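> Residue numbers (this note's numbering): 978 to 1317.
The structure under discussion is supplied below as structure tokens; questions concerning it will follow.
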């Protein structure tokens, strides 16, 4: 609606007015969707405060939050308990140390009747109170997977849900960035994940690329990191959840791959941003190490597992030959440390 009366100075033609114009797209009723966030932590007391603060200040935020302590030896349990005590719709669950997939399963099982909306007045993903919610049977449930070293931007969740619904996608992955430091700006680490024929992770951004908001197109991708990955609950259950045999930086793309094979789609949503320190890949967490050889092995196993038809026979042979050539190349190039 025009707020300026005719004949005022504001009617002067501005040739650059289009720069500030935005499309008036129909707003999506996010109140018809219910999100359960599952944050898993293992010895993450050092990074948890920032992650929990970011989760608490989301607008819109999830309907309920499950904080899972996966067998930590540090102060993680007490940090999670204190955070849950301060929020009506947060709860804590305990899982044994092990796979991220197992901890997520424990977290979801800990939620009493995941399909119900009994969060005692907590706001929905659209900010609506209980009285404004649709009937439970009319709402779509989503699972939002989070890591303890990740800080979602305040507006991260809304675009994920809205885009997934608008595009008819079962999974949506955010733009992941490495946090800025005093010496370095925030850098893009991932915008969805694909896998090359050799099992190498393709993250759809250039190495060291500075995050300047330059990516604004929603694209279909094979999968994404479990950090910030949004999954429709019925599809998550249909696929049997995450794969226990894979590490946290491979299980998300495996889930996406299985979703595609089942007839669903996966999208990367640049408008949704999560800062991810990647302490597991960076060997910053106790009990983990950044083993490139192990990651390659997981990647090749992933490609082999998803091979179809004659590929089930040819893929392992091709990968073995490629590995031998790779090793020979590094040995000839006098880089034996990389020939693993």
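Cβ atoms here follow ideal geometry from the backbone N, Cα and C, with glycine treated the same way.
Quantities reported herein were computed from a predicted structural model and do not represent experimental measurements.
Between the alpha carbons of residue 1016 and residue 1028, how many angstroms are there, rounded?
Position 39 of the chain shown, counted from the first residue, corresponds to residue 1016. Position 51 of the chain shown, counted from the first residue, corresponds to residue 1028. Whole-angstrom Cα-Cα distance: 9 Å.
> Tell me which residues share the same chain as residue 1212 and place their Cβ nearer than 7 Å to its Cβ, disregarding the 5 neighbours each side in the sequence.
Position 235 of the chain shown, counting from 1, holds the residue named residue 1212. Answer for residue 1212: 1147, 1236, 1241, listed in chain order.
> To the nearest angstrom, how far is it from the Cα of residue 1058 to the Cα of residue 1191?
Along the chain shown, read from residue 1 onward, the residue named residue 1058 stands at position 81. Along the chain shown, read from residue 1 onward, the residue named residue 1191 stands at position 214. About 39 Å.
> Give me, in chain order, the residues of the same chain whose beta-carbon lies closer than 6 Å to that of residue 932; leave out the 5 immediate sequence neighbours on both sides.
Residue 932 lies beyond the range of the chain shown here (978 to 1317); nothing can be said about it.
> Would you report the Cα separation of residue 1152 and residue 1207, rounded to the nearest angstrom?
Looking up residue 1152 in the chain shown gives position 175. Looking up residue 1207 in the chain shown gives position 230. In a straight line, the C-alpha of residue 1152 is about 12 Å away from that of residue 1207.
> Within a Cβ cutoff of 6 Å, which residues of the same chain sit near residue 1155, ignoring the five residues on either side of it in sequence?
Here residue 1155 corresponds to residue number 178 of the chain shown, with the count starting at 1. The residues are 1164, 1166.
> So what does DSSP say about residue 1182, is it helix, strand or coil?
To locate residue 1182, count along the chain shown from 1; it is residue 205. Note: residue 1182 maps to coil in three-state DSSP.
> Return the residue from the list 1011, 1195, 1050, 1055 that minimises the CA-CA distance to residue 966.
With the chain represented from 978 up to 1317, any question about residue 966 goes unanswered, as that position is not in the structure.
> Any chance the stretch 1073-1087 sits against the stretch 1216-1223, with 3 or more Cβ pairs inside 8 Å?
Yes, they touch.
> Name the DSSP bridge partner or partners of residue 1222?
Taking the chain shown and counting its residues from 1, the one referred to as residue 1222 is at position 245. Paired residues: none, contrary to the question.
> So, with DSSP's three-state summary, where would you put residue 1011?
Here residue 1011 refers to the residue found at position 34 when the chain shown is read from its first residue. Here residue 1011 sits in strand by DSSP.
> For the beta strand (DSSP E) holding residue 1247, just list the boundary residues, first then last.
The residue labelled residue 1247 in the question sits at position 270 within the chain shown. Element bounds for residue 1247: 1243-1253.
> Between residue 1150 and residue 1195, how many whole angstroms is the CB-CB distance? I'm expecting something under 8 Å.
Counting from 1 along the chain shown, the entry for residue 1150 is found at position 173. Counting from 1 along the chain shown, the entry for residue 1195 is found at position 218. Rounded, the Cβ-Cβ distance is 11 Å, inconsistent with contact.
> Just to confirm, are residue 1034 and residue 1131 a CB contact at a threshold of 8 Å?
To locate residue 1034, count along the chain shown from 1; it is residue 57. To locate residue 1131, count along the chain shown from 1; it is residue 154. A contact, by the Cβ cut-off of 8 Å.
> Under the assumption that residue 1229 contacts residue 1203 (Cβ atoms under 8 Å), give the Cβ distance between them as a whole number of angstroms.
Within the chain shown, residue 1229 is the residue found at index 252, counting from 1. Within the chain shown, residue 1203 is the residue found at index 226, counting from 1. With a Cβ gap of about 4 Å, residue 1229 and residue 1203 count as contacting.
> What's the C-alpha gap between residue 1246 and residue 1008?
As a position in the chain shown, residue 1246 is number 269, starting the count at 1. As a position in the chain shown, residue 1008 is number 31, starting the count at 1. Roughly 20 Å between the two C-alpha positions.
> If I'm right that residue 1205 touches residue 1251 with Cβ under 8 Å, what's the distance once you round it to whole angstroms?
Taking the first residue of the chain shown as position 1, residue 1205 is located at position 228. Taking the first residue of the chain shown as position 1, residue 1251 is located at position 274. Indeed they touch by this definition, with Cβ atoms about 4 Å apart.
> Should residue 1026 and residue 1134 be called a contact, given that it needs their Cβ atoms to be closer than 8 Å?
Here residue 1026 refers to the residue found at position 49 when the chain shown is read from its first residue. Here residue 1134 refers to the residue found at position 157 when the chain shown is read from its first residue. Their beta carbons are not under 8 Å apart, which means residue 1026 does not touch residue 1134 by this criterion.
> Whole angstroms is fine: what's the gap from residue 1086's alpha carbon to residue 1069's?
Locating residue 1086 in the chain shown gives position 109, counting from the first residue. Locating residue 1069 in the chain shown gives position 92, counting from the first residue. If I take the Cα positions, the gap works out to 12 Å.
> So, helix, strand or coil for residue 1200, using DSSP?
Sequence index remark: in the chain shown, residue 1200 carries index 223 (1-based). Residue state, collapsed to three classes: strand.
> Helix, strand or coil for residue 1072, going by three-state DSSP, please let me know.
Along the chain shown, one-based indexing puts residue 1072 at 95. In the structure shown, residue 1072 sits in a strand (DSSP, three-state: E or B).
> May I ask you to report which of helix, strand or coil DSSP gives residue 1056?
Residue numbering aside, residue 1056 sits at position 79 when the chain shown is read from its first letter. The answer is helix: DSSP assigns residue 1056 an H, G or I state.
> By DSSP, does residue 1040 sit in helix, in strand, or in coil?
Walking along the chain shown from the start, residue 1040 turns up at place 63. Here residue 1040 sits in coil by DSSP.
> State buried or exposed for residue 1159, treating a residue as buried only when at least 16 other CB atoms are found within 10 Å of its CB.
Within the chain shown, numbered from 1, the residue matching residue 1159 stands at position 182. So residue 1159 ends up on the exposed side.
> Under DSSP, the beta strand (DSSP E) around residue 1118 begins and ends at which residues?
Here residue 1118 is taken as the residue at index 141 of the chain shown, counted from 1. Residues 1117-1124.
> Taking C-alpha atoms, which residue in 1184, 1187, 1143 lies nearest to residue 1244?
The residue labelled residue 1244 in the question sits at position 267 within the chain shown. Here the closest residue by C-alpha is 1143.
> For residue 1084, count the other beta carbons within 10 Å of its own beta carbon; 16 or more makes it buried, fewer makes it exposed. Which is it?
For the purposes of this step, residue 1084 is taken as the residue at position 107 of the chain shown. Counting Cβ neighbours within 10 Å, residue 1084 comes out buried, since at least 16 surround it.
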